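Q:
In our numbering, the protein residues as written are 185 to 948.
1. I believe residue 503 touches residue 443 by the beta-carbon criterion, under 8 Å. Please report the beta-carbon distance rounded to the nearest angstrom.
2. Ignoring anything shorter than 4 residues, give me the alpha helix (DSSP H) runs that lie fully in the region 279 to 305, in order along the chain.
3. Go ahead and pull the three-state DSSP assignment for residue 240.
4. Going by the beta-carbon positions, is the gap between residue 672 and residue 653 smaller than 8 Å?
5. Closest to residue 625 by C-alpha separation, out of 701, 572 and 669, would be which residue?
6. Below 6 Å CB to CB, which residues in the same chain sit around residue 681 once its five sequence neighbours on both sides are set aside?
7. Measuring alpha carbon to alpha carbon, tell me which residue in 331, 370, 338 and 579 is nearest residue 321.
8. Hey, quick one: how far does the beta strand (DSSP E) through residue 444 stretch, first residue to last?
9. Helix, strand or coil for residue 529, going by three-state DSSP, please let me know.
10. In three-state DSSP terms, what is residue 203?
11. Could you give the distance in angstroms between the alpha-carbon of residue 538 and the alpha-carbon of residue 485?
12. Pop quiz: residue 350 and residue 307 are said to be a contact at Cβ under 8 Å. What is the actual Cβ separation, rounded to whole angstroms?
13. Sorted by chain position, which residues of the same chain lie with C-beta nearer than 7 Å to residue 512's C-beta, five sequence neighbours on each side aside?
14. Answer yes if the region 778 to 788 comes into contact with the region 570 to 581, meaning at least three C-beta pairs across the two stretches below 8 Å, and no otherwise.
15. If you drop the 5 nearest sequence neighbours on each side, which residues of the same chain put their C-beta closer than 8 Å to that of residue 348?
16. Helix, strand or coil, according to DSSP, for residue 453 in the structure here?
17. Would you call the region 636 to 649 and the region 715 to 727 in contact, with 3 or more CB pairs under 8 Å?
18. Closest to residue 436 by C-alpha separation, out of 400, 597 and 465, would be which residue?
19. Three-state secondary structure (DSSP) at residue 500?
20. Have a look at 498, 547, 616 and 515 and flag the residue whose alpha-carbon is nearest the alpha-carbon of residue 571.
21. Check residue 623 in the structure and name its three-state DSSP category.
22. Secondary structure at residue 565, three-state DSSP: helix, strand or coil?
23. For the region 611 to 622 against the region 660 to 668, do three or more pairs of beta-carbon atoms, one drawn from each stretch, fall closer than 8 Å, so that the two count as touching?
24. Residue 736 and residue 593 - do their beta-carbons sit closer together than 8 Å?
25. For residue 206 and residue 342, I'd like the C-alpha separation in whole angstroms.
26. Helix, strand or coil: how does DSSP classify residue 663 here?
27. Label residue 778 either buried or exposed according to how many other C-beta atoms from any shown protein chain fall within 10 Å of its C-beta, with 16 as the threshold for buried.
28. Between the beta-carbon of residue 330 and the beta-carbon of residue 507, is there less than 8 Å?
29. Does the region 522 to 536 come into contact with the region 604 to 616, if we say contact requires no fewer than three beta-carbon pairs (one atom in each stretch) closer than 8 Å?
30. Cα separation between residue 598 and residue 406?
31. From the DSSP output, read off the bridge partner residues of residue 477.
32. Just confirm the distance between the C-beta atoms of residue 317 and residue 261, as a whole number of angstroms; I'd bet it's less than 8 Å.
33. Quick check on this structure: which residue in 210, 471 and 441 has the alpha carbon closest to the alpha carbon of residue 479?
34. Note down the Cα distance separating residue 344 from residue 742, rounded to an integer number of angstroms.
35. Under DSSP, the alpha helix (DSSP H) around residue 409 begins and ends at which residues?
36. Looking only at its chain, what residues have a beta carbon closer than 7 Å to the beta carbon of residue 728, apart from the 5 residues adjacent to it on each side?
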């Protein structure tokens with residue numbers, strides 16, 4: 185069936201499959217049968233090649249059996265994208281596995297050659313499909329399904345990989361491919377596609393499969409205490425869509441590691457899909473800097489998930505991934521610069537600027553290829569995919585030992601922290617007791633001051649007064665002065681009371697001092713007890729620190745063994761070297777590009793200025809010539825008008841002469857001939873005079889009839905063609921007259937001169 189057939193033919197052959205439909209059935213079957221294209225025999229593979237050749241033939245790819253009208257035009261573009269997507273998956277798949285050494289392929293070299301040859305034929309169709317996408321209006325672009333947008337993003341994301349394969353087979357430079365193949369779809373269309381994929385996926389969100397849910401649960405549990413580089417980024421039941429690829433990821437991690445629950449025979453609701461389609465998505469994720477780790481459902485997915493989670497805890501893995509992501513970010517920046525620079529290679533760009541752009545892209549392409557050479561090894565992907573392999577047994581043992589010792593260290597640090605808290609409490613109690621003792625000593629000092637000061641002074645004072653009163657009493661008794669005697673006895677009694685009072689207060693203060701001193705002794709005892717406890721805490725801390733030191737030494741020893749193992753699996757130093765080399769090369773390329781482009785733009789600016797100067801000079805010259813031409817045209821138009829009047833006068837004269845008899849003409853002939861000769865001599869003198877005075881404007885002799893000059897191009901061309909040789913035409917009767925011919929032949933006028941015009945003599 186021809187893809188460009190009319191609708192009537194399609195209805196007659198509706199049961200026959202188109203080449204695209206046949207390819208979809210072969211390469212992405214919905215049934216349970218499956219056969220890898222790399223294991224096909226040559227005949228079956230040639231059949232696929234021939235179907236692709238039919239799909240991408242000029243007429244078929246242009247219309248796909250549809251009329252280019254209205255909605256049908258956009259159906260064509262949709263089928264074009266679908267064909268490009270399917271072929272890109274086919275080509276990348278064959279070239280990848282044929283390049284792996286062909287361990288599980290049949291005639292891999294022949295298949296590789298056939299695909300490379302077909303790549304060249306398909307290349308213009310890929311370009312046409314991309315240009316059609318870019319030309320599609322936003323209104324129609326928004327009307328597709330989620331499958332269309334996902335295919336578009338997958339095609340766009342694999343353009344660099346497809347271009348590398350083309351250049352590898354051609355052994356050519358990127359500059360030869362840039363005019364033929366855009367390296368990116370229009371960014372605006374890509375943004376619309378990403379938005380539509382996310383919105384449409386949310387509208388019909390479906391939970392994960394049972395196996396996927398089990399794997400995700402094991403991963404979530406195992407990665408709870410992992411580093412921040414390997415933490416889940418989606419919630420349970422959430423459909424995570426990658427921003428750049430538009431792909432739904434089963435279990436993505438923060439460090440751009442995607443753990444996918446699938447296998448070579450990935451069971452889905454519609455049946456078994458072909459490995460080739462999954463490989464295209466895997467290629468796309470790798471191109472975007474992701475590490476895709478498959479968990480095969482036919483194996484024990486729980487054990488595999490636990491092993492992956494265990495490996496992601498290892499410090500060398502996190503360090504490697506951080507460096508690897510830095511390299512991937514640099515690559516994305518380089519590719520963005522390549523795409524932006526390619527857009528500058530338009531038709532209006534000067535050739536020297538194009539050459540600067542091409543040299544810059546070529547240097548960037550070399551850097552990108554160096555990075556891809558490093559990425560092609562897929563170090564982390566292979567490590568995580570083989571995380572449950574026997575060679576990883578010792579690593580898991582090392583990790584468990586490190587984990588155990590770290591637990592001991594953690595427990596020891598917790599014990600030290602508790603002891604330190606207890607020490608702080610004891611230290612605070614000691615400080616409080618010491619402050620209490622200080623206050624008690626202050627009180628004792630105050631009490632001693634009162635006893636030795638005011639109290640004792642009062643006692644001494646009243647004892648002196650008592651002694652005086654006693655002497656007075658005895659004296660007044662001897663003198664028998666009873667009144668004074670009684671007064672002295674009263675004073676003695678008062679003084680004795682005062683003395684007793686102050687001695688009582690002194691005794692109380694002495695008891696208070698004794699009590700305070702007892703409190704000091706008690707506090708000092710408690711302080712000694714606290715100091716003993718603090719010394720014990722110090723001893724415990726030293727013991728725990730010693731245990732932690734031993735555990736840390738074990739961790740260091742085992743970690744060194746792990747590092748030795750990972751040096752062969754994850755070459756972090758090599759990634760660092762590639763990153764540094766790429767950065768230097770990128771800076772050099774930018775510097776050279778800036779200089780080359782600046783020189784080209786300066787040269788182009790100078791050329792434009794020179795061209796503008798030349799145009800201005802030519803404009804001035806044209807204006808000067810135009811001015812001269814207008815002056816000459818004015819003079820020539822006057823000559824033309826006089827020419828026309830002379831012909832009219834000559835015709836009238838010929839008509840009047842023909843009515844006379846031959847005798848009259850013979851008689852008058854001599855007079856007219858002499859008159860013409862004299863007129864001719866007069867004209868020659870006038871022309872000579874005007875020639876020697878070019879600065880004066882020519883003034884042809886006037887006559888009674890009005891002169892009307894003409895300056896049309898036709899008159900000027902007539903004048904130049906005739907050369908003023910027919911300025912004095914003769915009638916048929918005068919043509920036979922030899923004297924008339926000699927008279928008119930003597931009036932040869934130079935076209936650059938300004939001749940004066942003589943008028944013919946009127947007949948009597």
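Glycine is no exception: its CB is placed at the ideal position from the N, C-alpha and C atoms. Quick caveat: nothing in here was measured; it's all calculated off a predicted structure.
A: In terms of the structure at hand:
1. Your pair residue 503 and residue 443 does not check out as a contact, with CB atoms roughly 20 Å apart and the cut at 8 Å.
2. Complete alpha helix (DSSP H) runs here, min 4: none at all.
3. coil
4. Closer than 8 Å, so yes.
5. 701
6. none
7. 370
8. 441 to 445
9. When DSSP states are grouped into helix, strand and coil, residue 529 belongs to the coil group.
10. In this structure, DSSP gives residue 203 a helical state, which the three-state scheme calls helix.
11. 54 Å
12. Correct: roughly 7 Å between the Cβ atoms.
13. 473
14. Inter-segment contact for the region 570 to 581 and the region 778 to 788 is absent: fewer than three beta-carbon pairs are separated by less than 8 Å.
15. 553 and 556
16. Only weak support exists for where residue 453 lies, its pLDDT of 37 falling under 50; the value from the coordinates is given anyway. Correct three-state label for residue 453: coil.
17. no
18. Here the closest residue by C-alpha is 400.
19. helix
20. 498
21. Residue state, collapsed to three classes: helix.
22. helix
23. no
24. yes
25. 24 Å
26. coil
27. exposed
28. no
29. no
30. Rounded to the nearest angstrom, the gap between the Cα atoms of residue 598 and residue 406 is 24 Å.
31. 443
32. 7 Å
33. When C-alpha distances from residue 479 are compared across 210, 471 and 441, the shortest belongs to 441.
34. 43 Å
35. Taken as a continuous stretch (DSSP letters only), residue 409 belongs to no alpha helix (DSSP H), as it is neither H nor E.
36. So the list reads 596, 599 and 600, once near-sequence residues are dropped.
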